[in-house]
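Everything below concerns the one structure shown next.
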Amino acid sequence: MGKKIFSGVQPTGNLHLGNYLGAIKNFVDLNNNNENSCVFCVVDLHAITVNQDPKDLRNNIRETVATFLASGIDAKKSIIFNQSKVSAHSEAAWILSCIARMGWLNRMTQFKEKAGKDKEKASIGLYSYPVLMAADILLYDTTHVPVGDDQKQHLELCRDIAQKFNNDFEVKDFFKIPEPLIQKQFSRIMSLKDGSRKMSKSELSDLSRINLTDDKDQIINKIKKAKTDPLPMPSNLEELNKRAEARNLIGIYSSLSGLTLEKIIQEFSGKNFSEFKDNLSQVVVDKIAPISVEIKKLLNEKDYLDKILLEGSKKANDIASKKIKKIHELVGF
Ligand code: AQP
Numbered sequence: 017m018g019k020k021i022f023s024g025v026q027p028t029g030n031l032h033l034g035n036y037l038g039a040i041k042n043f044v045d046l047n048n049n050n051e052n053s054c055v056f057c058v059v060d061l062h063a064i065t066v067n068q069d070p071k072d073l074r075n076n077i078r079e080t081v082a083t084f085l086a087s088g089i090d091a092k093k094s095i096i097f098n099q100s101k102v103s104a105h106s107e108a109a110w111i112l113s114c115i116a117r118m119g120w121l122n123r124m125t126q127f128k129e130k131a132g133k134d135k136e137k138a139s140i141g142l143y144s145y146p147v148l149m150a151a152d153i154l155l156y157d158t159t160h161v162p163v164g165d166d167q168k169q170h171l172e173l174c175r176d177i178a179q180k181f182n183n184d185f186e187v188k189d190f191f192k193i194p195e196p197l198i199q200k201q202f203s204r205i206m207s208l209k210d211g212s213r214k215m216s217k218s219e220l221s222d223l224s225r226i227n228l229t230d231d232k233d234q235i236i237n238k239i240k241k242a243k244t245d246p247l248p249m250p251s252n253l254e255e256l257n258k259r260a261e262a263r264n265l266i267g268i269y270s271s272l273s274g275l276t277l278e279k280i281i282q283e284f285s286g287k288n289f290s291e292f293k294d295n296l297s298q299v300v301v302d303k304i305a306p307i308s309v310e311i312k313k314l315l316n317e318k319d320y321l322d323k324i325l326l327e328g329s330k331k332a333n334d335i336a337s338k339k340i341k342k343i344h345e346l347v348g349f
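Final position of the sequence shown in the numbering used here is 349; the numbers increase by one with none missing.
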């Protein structure tokens, strides 16, 4: 039986190789299976949990759609829309925030990381972000959610919220309990400048990530400058696992080329990094440069991108408005 897929990407600019390998590549594979029904959401309500310039946000919404399409998602097969245009998301988030418990949210590590030391000044939206994410997923009777490893905890919270709602209102199976779809290996791509931090849009140094809009020369330059340790290439898996930067680069190579880690280690064992980096650049350029060209082309077709969002939001609204109506009835409104 086909899966009901929902996932979202924040339109916060600088979409990168981590977003691609952790999430978007998976979206494309799921979209290609005709048995699945897929909803891919540009989560603009999530984006404003931290400050956004309205003009940048508008452009980034279009750029996220362009990235979906350029990566191979077919808008005829999947629903692509932006979250703010389907009001059921905000409504359901409020109702579910009355189901979720403070103790559950207090455990969320992403809030702790993003709010940092100054959590008194973080927005309430940043804190309750995972509840909105639960609303997004549950409105569509989603069975599977393709996400990067960093979202695993939020998905577990979504399952807890769904179960508590079903129990509280004695409606077994009203909310489907969704399963995460996380890549088995290299589900968290790390920064090119620090193997202990995830590759991230908001990292100040552009050299820390491969953007999906980078051209061939930028990709080659970033890989050349990527941090490595002074040792030659690792000669076995045990050694690889102890060396964060080498592990990340070899992981990227493996994810994009389909070659196993063992095979890559066998080929490059004991060599210096520069030879490996030339090969890595080649596979990254082969995959990402055509996507980058297509994104830039699509960004000149604003009306086309807006039309996809408008049509997608109508289809999403058809589904979500029915579910929120049932939620209202159950709650007693
Ligand atoms: N480094 C990563 N490796 C693997 N997957 C990743 N994802 C993000 N970073 C990595 C996955 O990409 C999807 C979309 O992410 P998002 O844009 O909604 O938010 P995010 O996780 O907050 O992305 P960033 O880049 O880390 O942004 P900032 O810098 O704002 O924190 C998700 O499925 C995510 O798991």
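Cβ coordinates follow ideal geometry from the N, Cα and C atoms, glycine included.
Excluding five sequence neighbours on each side, which residues of the same chain lie with their C-beta closer than 6 Å to the C-beta of residue 264?
Residue mapping note: residue 264 aligns to position 248 of the sequence shown, counting from 1. 206, 211, listed in sequence order.
Can you find the residues in the same chain that come closer than 7 Å, C-beta to C-beta, to residue 159, ignoring five residues on each side of it along the sequence?
By 1-based counting over the sequence shown, the position of residue 159 is 143. The residues are 19, 20, 192, 194, 195.
Measuring alpha carbon to alpha carbon, tell me which of 89, 72, 41, 26 ends up nearest residue 65.
Locating residue 65 in the sequence shown gives position 49, counting from the first residue. Of 89, 72, 41, 26, the residue nearest in Cα terms is 26.
Please determine if the segment 176-189 and the segment 214-222 are in contact, where contact requires at least 3 C-beta pairs separated by less than 8 Å.
Too few Cβ pairs lie closer than 8 Å, so no.
Alpha carbon to alpha carbon, what distance is there between residue 28 and residue 338?
Taking the sequence shown and counting its residues from 1, the one referred to as residue 338 is at position 322. Taking the sequence shown and counting its residues from 1, the one referred to as residue 28 is at position 12. Each residue's alpha carbon lies about 30 Å from the other.
Are at least three pairs of beta-carbons, each pair with one atom in the segment 329-346 and one in the segment 289-302, less than 8 Å apart?
The segment 329-346 is not in contact with the segment 289-302.
So what's residue 206 in DSSP terms, helix, strand or just coil?
Position 190 of the sequence shown, counted from the start, is the residue given in the question as residue 206. It is a strand residue.
Please find out if some non-hydrogen atom of the ligand AQP comes closer than 8 Å to the beta-carbon of residue 31.
Indexing the sequence shown from 1 puts residue 31 at position 15. Distances between the C-beta of residue 31 and the heavy atoms of the ligand AQP include at least one below 8 Å.
Rank 345, 248, 323, 38 by C-alpha distance to the C-alpha of residue 166 and give the top, closest one.
Here residue 166 refers to the residue found at position 150 of the sequence shown. Distances from the alpha-carbon of residue 166 to those of 345, 248, 323, 38 put 38 closest.
If you draw a straight line from the C-alpha of residue 342 to the C-alpha of residue 223, how long is it?
Residue 342 sits at position 326 when you count from the first residue of the sequence shown. Residue 223 sits at position 207 when you count from the first residue of the sequence shown. One C-alpha to the other measures close to 48 Å.
Status (buried if at least 16 other CB within 10 Å, exposed otherwise) for residue 62
Position 46 of the sequence shown holds residue 62. Flag for residue 62 reads buried.
Less than 8 Å separating the Cβ of residue 228 from some heavy atom of the ligand AQP?
For the purposes of this step, residue 228 is identified with residue 212 of the sequence shown, where counting begins at 1. It does not: the Cβ of residue 228 is nowhere closer than 8 Å to a heavy atom of the ligand AQP.
By DSSP's criteria, residue 24 is part of a beta bridge. Which residues make up the other side?
Along the sequence shown, one-based indexing puts residue 24 at 8. BP columns for residue 24 point to 57.
Looking only at DSSP bridge pairs, what is residue 70 linked to?
Counted from its first residue, the sequence shown places residue 70 at position 54. As computed with DSSP, residue 70 is found in no beta bridge at all.
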